[in-house]
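The next block holds one structure in the form of structure tokens; read it before the comments.
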């Protein structure tokens, strides 16, 4: 299948809440 | 024959490499290093409804591993992301734009699989480079096969150096080793040369 | 020359030591073993506001590693505590009072650094023993330098056995290897003889 629809609709997330981590403003200190 | 000192050097070098994330190579997908999963671009998680989380004896929710575990280093049995069926995909934003050179896929060894089989392991897969997170169909970087008879950690060099750098890659699983319900991904790494 | 059996013994011993926290020595700073960070006695964490945590698409907070990671064993790239600039300090309460004998400082190897450089690594540092958590200036136990060209894990014996035991030590970083914005601490260990 090609890359498609959202994988985390709210209905599913209500059952399995995932904390999502996104890097904004560059990389973390390493 | 070798001397004891030579043997010690061999062993020390092997352990040194082992301690360097087993590969001695930067993993630009690693979450703690700046990689992240584009959660809007992945297959649906296979919900097993087995791991029940409770508090004060009150059941709260069922826990499933999120796709983030695929870019985290813990690969103990169960610390994988499962999607339904044998075909799925995952889009990763790397910590920086690179010329992708090698991909690493890991699965638990058969010796640690409670059933003795790793039928849930991915088999044929492809990796694409995306120009941005909205691009539907990226540039095919390579098509590979994870061998269930091979090492737990397998590395796959790109056949041809891409003509541009990418910060977003898509891992597309095309088949698994026979599990009828789901496929499990333990860890996917992306190595290459920073832009 | 050595026999195969002798080589096997060398390998087994090396693996055994590796599995013993790589040093085979008690780390009295280790958090799971009873060590803790005195959070009122440490430099301010360098907040990069890069790791955004969301739930159901709602941004919740920015995540930064706390000083506690310095006494936790995970040293994957990014799992470090960063403070602004090249000078900072951290006060650790050990799991028990000891005669401090050796300190260990770890940083990621250059091979795993996405930029290929470990400029954020500490360079000159000093360790002090404090009589209590309110003491401003403790007893200097030693001044050392972490060598960026050396091993990822470096050990520093105290030059002179202190005349008393300490349960609280201060790690004071005096310089780093060139990073203009921050210094990263991956892991600090304290070894010695229990009182």
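Protein chains in written order, with the numbering used here: chain G, 1 to 30; chain L, 1001 to 1195; chain D, 2001 to 2195. The beta-carbon is built from N, C-alpha and C at its ideal position, and this holds for glycine as well.
- DSSP places residue 1174 (chain L) outside any alpha helix (DSSP H), giving it a letter other than H or E.
- In this structure, residue 1090 (chain L) sits away from residue 1156 (chain L), with a CB-CB distance that is not shorter than 9 Å.
- Secondary structure of residue 1142 (chain L) (DSSP, three-state): strand.
- Residue 2171 (chain D) and residue 1072 (chain L) have their C-alpha atoms roughly 29 Å apart.
- Closer than 8 Å at the C-beta level to chain G, one finds these residues of the segment 2077-2092 of chain D: 2077, 2078, 2080 and 2082.
- Distance from the CA of residue 1130 (chain L) to the CA of residue 1092 (chain L), rounded to the nearest whole angstrom, comes to 10 Å.
- The continuous beta strand (DSSP E) containing residue 2193 (chain D) extends over residues 2187-2194.
- For residue 2053 (chain D), the neighbours in chain G by C-beta distance under 9 Å run, in chain order, 19, 20, 21 and 22.
- Contact check between the segment 1170-1186 of chain L and the segment 1126-1144 of chain L: three or more CB pairs, one atom from each, fall below 8 Å, which counts as touching.
- Residue 2111 (chain D) sits in a helix when the DSSP states are folded into three classes.
- DSSP, reduced to helix, strand and coil, places residue 1148 (chain L) outside both helices and strands of the structure shown, so it counts as coil.
- Collapsing the DSSP output to three states places residue 1005 (chain L) in a helix.
- Taking C-beta separations shorter than 6 Å and ignoring five residues to either side along the sequence, the partners of residue 1109 (chain L) in its chain run 1152, following chain order.
- Between the segment 1032-1051 of chain L and the segment 1071-1085 of chain L, the count of C-beta pairs closer than 8 Å reaches three or more; the two stretches touch.
- Within the DSSP bridge table, the entry for residue 2036 (chain D) names D:2093 as partners.
- DSSP places residue 1051 (chain L) in the uninterrupted beta strand (DSSP E) bounded by 1051-1055.
- Across the structure, residue 2136 (chain D) and residue 1031 (chain L) are spaced so that their CA atoms are roughly 38 Å apart.
- Taken in chain order, the members of the segment 1016-1034 of chain L whose beta-carbon sits within less than 8 Å of a beta-carbon on chain G are 1031, 1032, 1033 and 1034.
- The Cβ atoms of residue 1101 (chain L) and residue 1164 (chain L) do not sit closer than 9 Å to each other.
- Assigned with DSSP and collapsed to three states, residue 2017 (chain D) falls in helix.
- Secondary-structure assignment with DSSP links residue 1124 (chain L) through a beta bridge to L:1145.
- Short of 7 Å from the beta carbon of residue 2069 (chain D), and not among the five residues preceding or following it, lie these beta carbons of its own chain, in chain order: 2079, 2080 and 2081.
- Rounded to whole angstroms, the Cβ separation of residue 2094 (chain D) and residue 2035 (chain D) is 6 Å, and the two are in contact under 8 Å.
- Close to chain D, meaning a Cβ-Cβ distance shorter than 7 Å, are the following residues of the segment 1092-1113 of chain L: 1095 and 1096.
- When DSSP states are grouped into helix, strand and coil, residue 1118 (chain L) belongs to the coil group.
- Taking the CA atoms as reference points, residue 2144 (chain D) sits about 32 Å from residue 2010 (chain D).
- Counting only residues of its own chain and dropping the five nearest sequence neighbours on each side, residue 1195 (chain L) has a CB closer than 8 Å to the CB of 1096, 1097, 1098, 1099 and 1165.
- About 5 Å separates the CB atoms of residue 1038 (chain L) and residue 1133 (chain L); that is less than 8 Å, so the two are in contact.
- Ranked by Cα distance from residue 1149 (chain L), the first of L:1159, L:1140 and L:1122 is L:1122.
- With a threshold of 16 other beta carbon atoms within 10 Å, residue 2065 (chain D) meets it and is buried.
- Here residue 27 (chain G) is not near residue 2046 (chain D), since their CB atoms are 9 Å or more apart.
- Scanning D:2033, D:2061, D:2191 and D:2158 for the CA closest to the CA of residue 22 (chain G) turns up D:2061.
- Per DSSP, the continuous beta strand (DSSP E) segment holding residue 20 (chain G) begins and ends at 19-23.
- Residue state for residue 2162 (chain D) is assigned as coil, using DSSP reduced to three classes.
- Residue 2002 (chain D) has a beta carbon lying within less than 9 Å of a beta carbon in chain L.
- In this structure, the alpha-carbon of residue 2115 (chain D) lies about 9 Å from that of residue 1026 (chain L).
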